[in-house]
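Novice:
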Amino acid sequence: QVQLVESGGGLVQPGGSLRLSCVASENIFNFNIMGWYRQAPGKQRELVATINVGGVTNYADSVKGRFMIYRNGAKNTVYLQMNSLKPEDTAVYYCVASQVSKPPYWGQGTQVTVSS
Numbered sequence: 005q006v007q008l009v010e011s012g013g014g015l016v017q018p019g020g021s022l023r024l025s026c027v028a029s030e031n032i033f034n035f036n037i038m039g040w041y042r043q044a045p046g047k048q049r050e051l052v053a054t055i056n057v058g059g060v061t062n063y064a065d066s067v068k069g070r071f072m073i074y075r076n077g078a079k080n081t082v083y084l085q086m087n088s089l090k091p092e093d094t095a096v097y098y099c100v101a102s103q104v105s106k107p108p109y110w111g112q113g114t115q116v117t118v119s120s
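So, in structure tokens, the structure goes:
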């Protein structure tokens, strides 16, 4: 059973930065895509950023230029560097990992709150 463990969330002021980490229980290159989603209160879960096995990244328009997804294969970890945070970035952030023809795996989520 694949496990994804997120960390790095917290309370930050507008304009601040946070780095989220997602540690996988197996080699992250076993997954064709890994990424981050978020869900704000009363809203649907939405895509934030993804990185595929080849290293190609994809971002939601709302975070382009502010967030960066990257990985460290030696640590089986995918990161989300979040800069210039805004109150509307407040949400629970979830790590996701997918393999071909299998349901995606989800982490438990980490809370990010942007507030002064």
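Residue numbering for the sequence shown follows our numbering, beginning at 5 and increasing consecutively. All C-beta atoms in this analysis are idealised placements derived from N, C-alpha and C, irrespective of residue type, glycine included. A quick note: this is a predicted structure, and the numbers were derived from the prediction, not measured.
Ignore the nearest five residues each way along the sequence and tell me which others in residue 59's own chain have a CB closer than 7 Å to its CB.
Specialist: If we look at residue 59 and ignore the five residues flanking it on each side, it has no Cβ neighbours.
Novice: Pairing CB atoms from the segment 89–100 with CB atoms from the segment 39–53, are three or more of them under 8 Å?
Specialist: A contact exists between the segment 89–100 and the segment 39–53.
Novice: Quick check: residue 116 and residue 22, are their CB atoms within less than 8 Å of each other?
Specialist: Against a cut-off of 8 Å, the Cβ pair of residue 22 and residue 116 comes out as a contact.
Novice: Drop a sphere of 10 angstroms on the beta-carbon of residue 24, count the other beta-carbons inside from all chains shown, and report buried for 16 or more, exposed for fewer.
Specialist: Result: buried.
Novice: Tell me the rounded alpha-carbon separation between residue 72 and residue 6.
Specialist: The straight-line gap from Cα to Cα measures roughly 24 Å.
Novice: Please classify residue 19 as buried or exposed, where buried requires at least 16 neighbouring CB atoms within 10 angstroms.
Specialist: Exposed, because fewer than 16 other Cβ atoms sit within 10 Å of the Cβ of residue 19.
Novice: For residue 49, which residues in the same chain have their Cβ closer than 8 Å to its Cβ, ignoring the five residues on either side in sequence?
Specialist: Counting only Cβ-Cβ distances below 8 Å, and skipping sequence neighbours, we find 41, 42, 43, 98.
Novice: Taking C-alpha atoms, which residue in 120, 100, 112, 113 lies nearest to residue 32?
Specialist: Answer by Cα proximity: 100.
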